[in-house]
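Per the UniProt record's numbering, the sequence shown starts with residue 1, numbered consecutively.
No residue lacks a Cβ here, since even glycine has one placed at the ideal position from N, Cα and C.
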Amino acid sequence: MTGSALPKSIFKDYAIKWFEVYSKPNIEIVIATTYARQLKKYLVPYFGDMDIEDITTDDIQRFF
1 MTGSALPKSI
11 FKDYAIKWFE
21 VYSKPNIEIV
31 IATTYARQLK
41 KYLVPYFGDM
51 DIEDITTDDI
61 QRFF
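In structure tokens form, the structure reads like this:
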């Protein structure tokens, strides 16, 4: 489709999929639990509804 915008990649959707599909199956349960906690407690509340393409280095620096 020429001229069509790509669908937005929302951070929380991407992060959850990354965790479930790529990370969780390849790491120990203790590490997976820690990653899930960090995503839920810190990353998703801060970046959650942002389009990944719109997240800037300034956004990441403000997060830290």
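Check	Outcome
Identity of the residue in G48, V30, S23, R37 nearest K8 by Cα	G48
Three-state secondary structure assigned by DSSP to residue 119	Outside the modelled stretch of the chain, which goes from 1 to 64, sits residue 119, for which no answer is possible.
For I10, three-class secondary structure by DSSP	strand
F64 - DSSP class collapsed to helix/strand/coil	coil
Assigned secondary structure, T57 (DSSP; H/G/I helix, E/B strand, else coil)	helix
Test item: CB-CB of I52 and F11 under 9 Å	yes
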